[in-house]
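Protein chains in written order, with the working numbering: chain D, 1 to 339; chain Z, 340 to 678.
Ideal Cβ positions, reconstructed from N, Cα and C, are used throughout, including at glycine.
Take a look at the structure below.
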DNA sequence: CGTTAGCACTCTCTGGCATAGAGTGCTAAT
DNA sequence: ATTAGCACTCTATGCCAGAGAGTGCTAACG
């Protein structure tokens, strides 16, 4: 536990450093906040804070910089979560109402809005339901021996795939097959479809198999698809003045890595999770902080959104922005895909 | 017209500079290629080339750098398009055959493969047919007063949208509507659908209108969706050693700008187009070169792919890579979506 | 006449060096 | 417990000199 004064000091250091990106010195902080102590006293306190691991020294004669532990303490005990200004909330809501009907569009919008609000990179995954159930399937011939298989799953997910047949096939036959399979499979999940494949013609079996494959791939997928926005915000920050650092960051934010690097899988089912610097399990993320929240309806469609940036991050503002937009997306999902 | 010797010299300068990114000096080039002239002679020739605008000086005592005009001459008259090595072609083909069935997957793969092959950024747009025609539509109820509208268009495009109704509606009604509309609209394009909306119930009209809107949006869209890969390749190049240059590049490659900045719209219907530096109409692209090719079947599904990088680019290799992958994609489209 | 050797000149890059500025840690006094 | 004072440390900046690469010009050569 920190004494009251040290806690206050730590809070000042964090806020100052987050704003300026410059190591903060004892003298500067005393002057700036007109503290009722001399810089020497502050130096003593800083020495203590450093000993206990909350701040550190880039080099002997530089000011102090918060450590991961310092940020952690700040986030947990010192900061107060600032609600987003009414104005901002209104603007954001407005943008969502203007957005089109397509789900992908919202998601990308959410990422863009979030990135802009927190001036960092934002990732929003496409929401998934825990388990997909078939609502309806459709077979449309597109070539002699090929048809387009369209699956409508619960919660308005649509999947499509081109299906090849060993021999030419008529649209009538396709319709017959889809009718039969609709009857047999409607409302079923992948496992059930896998089980009930007895008593079928070879063609039906072929289609059923494809259906099952698509559905279980979709279930297995987890958070594979995601939208990323605001890379530029991150790369503009002073910590990336050297271009090799930039490249490292770019690697981290490469689309492919993202969903792997972020701890989406091990997320608690609700609430905001903050991972600061080395708290991240992935090596590549050890210098960054992540603020994550799931969104959607527990048991229904669930996605996750995250803000990624340097550990030097405006935690209170970031947390409230993530919270607000996650709630907003949950609402939108609920009103559109309720069932 | 350049004399033979000056042309040869220009070719050497271009190739040397493309490889090294360093201004090339008279002495260096004589030694490296054991030219049967002295460096002084080469200096004279260089002075001429510069006077005529093919090369330029960063500053008085530096070597020469090709100008846009120099690259242009090189591309048109000097270089020989090197076919891709058999090995490479085989590897690429192989990757495509291993890819999944989903069109988006190929496209992203094409971008990734191209980016890797030319060590620059690559953009591949999602192919569109000039005009979409409705093949089949489907209405699936998902809520009391909402249904999912799924359109299957010619050439295996699937579009979906959630449709709200002013009042609760039964699946039976939905089916009836879709049957009637399928009968009326199958094979028609957006304009035709817009014309034949007489004699309909209000609900049918509501759905028909949505269908028309989706289809004409899709027709208007042009090359809106695109996959971008290999940004990192570009940013790694020595011309981006300073981080502000990097940021500029990032801006250029932002998803949203891309399809606007690249001259996809004004592309000839086939063949490779090369835009070098200031030949690009967009200001932001004046320091970059673009190698573009359409792909697909004229009259049918068409897309475009482009390589974007600094003007200092391996033009022959880039051009053949673009050509090869465009052909490959055309083949793949043809075999899968022929009709 | 084309080619070339020679040379003065220009510009960049690098390393060394001194200085200013910010900050620390320690000590002794209040 | 707090503070003034001070020596010390480290970085950043500007300046300068020298090395290196390259140019442009001139005069000479076959």
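Considering only C-alpha positions, which residue in the set the options is nearest to residue i?
i: residue 556/Z; options: 179/D, 100/D, 202/D, 71/D; result: 100/D
i: residue 513/Z; options: 526/Z, 498/Z, 482/Z; result: 482/Z
i: residue 674/Z; options: 465/Z, 450/Z, 639/Z, 590/Z; result: 639/Z
i: residue 524/Z; options: 436/Z, 637/Z, 477/Z, 508/Z; result: 477/Z
i: residue 312/D; options: 15/D, 272/D, 188/D, 79/D; result: 15/D
i: residue 180/D; options: 192/D, 167/D, 201/D, 164/D; result: 201/D
i: residue 130/D; options: 272/D, 106/D, 157/D; result: 157/D
i: residue 408/Z; options: 641/Z, 614/Z, 643/Z; result: 614/Z
i: residue 11/D; options: 72/D, 198/D, 136/D; result: 72/D
i: residue 366/D; options: 162/D, 194/D, 328/D; result: Residue 366/D is absent from the structure shown; chain D starts at 1 and stops at 339.
i: residue 637/Z; options: 388/Z, 590/Z, 669/Z, 658/Z; result: 669/Z
i: residue 75/D; options: 304/D, 273/D, 283/D; result: 273/D
i: residue 385/Z; options: 370/Z, 662/Z, 405/Z, 373/Z; result: 405/Z
i: residue 209/D; options: 238/D, 243/D, 237/D, 165/D; result: 165/D
i: residue 293/D; options: 108/D, 318/D, 6/D; result: 318/D
i: residue 627/Z; options: 666/Z, 606/Z, 361/Z, 585/Z; result: 585/Z
i: residue 376/Z; options: 360/Z, 345/Z, 399/Z, 623/Z; result: 345/Z
i: residue 342/Z; options: 373/Z, 362/Z, 356/Z, 388/Z; result: 388/Z
i: residue 23/D; options: 41/D, 325/D, 91/D, 61/D; result: 61/D
Please list, in chain order, the chain D residues whose beta carbon lies closer than 7 Å to that of residue i.
i: residue 495/Z; result: 142, 148, 162
i: residue 474/Z; result: 140
i: residue 323/Z; result: Any property of residue 323/Z remains undetermined from this structure, which presents chain Z solely from 340 to 678.
i: residue 420/Z; result: Those do not exist, as residue 420/Z stays about 31 Å from chain D at its closest Cβ, beyond 7 Å.
I'd like the list of long-range same chain contacts for residue i, defined as Cβ closer than 8 Å, with 5 residues on each side in sequence excluded.
i: residue 321/D; result: 84, 114, 117, 118, 307
i: residue 316/D; result: 79, 80, 81, 82
i: residue 234/D; result: 120, 121, 240, 249, 253, 308, 309, 310
i: residue 448/Z; result: 434, 435, 438
Starting from residue i, find everything on chain D with Cβ-Cβ shorter than 8 Å and list it in chain order.
i: residue 580/Z; result: 243
i: residue 570/Z; result: 250
i: residue 675/Z; result: 146, 162
i: residue 621/Z; result: Ordered by position in chain D, no residue passes the 8 Å Cβ test against residue 621/Z, which lies about 18 Å from the chain.
i: residue 564/Z; result: What residue 564/Z touches in chain D: nothing, since even the nearest Cβ is about 10 Å away.
Can you name, in chain order, every residue of its own chain whose Cβ lies under 6 Å from the Cβ of residue i, other than the five neighbours on each side?
i: residue 364/Z; result: 402
i: residue 28/D; result: none
i: residue 152/D; result: 135, 136, 158
i: residue 489/Z; result: 477, 499
i: residue 112/D; result: 229
i: residue 154/D; result: 133, 135
DSSP on residue i, reduced to helix/strand/coil?
i: residue 227/D; result: strand
i: residue 24/D; result: strand
i: residue 660/Z; result: helix
i: residue 29/D; result: helix
i: residue 373/Z; result: coil
i: residue 216/D; result: helix
i: residue 672/Z; result: helix
i: residue 515/Z; result: helix
i: residue 680/Z; result: Shown here, chain Z extends from 340 to 678; a query on residue 680/Z therefore has no answer.
i: residue 2/D; result: coil
i: residue 655/Z; result: helix
i: residue 391/Z; result: coil
i: residue 16/D; result: helix
i: residue 143/D; result: strand
i: residue 76/D; result: helix
i: residue 538/Z; result: coil
i: residue 642/Z; result: strand
i: residue 327/D; result: helix
In chain order, what residues of the same chain lie with their CB nearer than 7 Å to the CB of residue i, ignoring the 5 residues before and after it?
i: residue 558/Z; result: 470, 471, 529
i: residue 178/D; result: 137, 138, 139
i: residue 671/Z; result: 435, 445
i: residue 281/D; result: 263
Residues of chain Z with a CB under 8 Å from the CB of residue i: which are they?
i: residue 152/D; result: 477, 479, 487, 489
i: residue 287/D; result: The premise fails here: residue 287/D is roughly 17 Å from chain Z at the closest Cβ pair, so nothing lies under 8 Å.
Using a cut-off of 7 Å between C-beta atoms, extract the partners of residue i located in chain Z.
i: residue 167/D; result: Going along chain Z, no residue has its Cβ under 7 Å from residue 167/D, so there is no contact; the nearest lies around 17 Å.
Chain D partners of residue i, CB-CB under 9 Å?
i: residue 343/Z; result: In chain order: nothing, as chain D lies at least about 42 Å away.
- Item | Start-end ranges of the beta strand (DSSP E) lying completely within the stretch 238 to 300 of chain D, minimum 3 residues | 273 to 276, 288 to 296
- Message: So within the stretch 81 to 135 of chain D, which uninterrupted beta strand (DSSP E) runs reach at least 3 residues, ignoring any that extend past its ends?
- Response: 121 to 125
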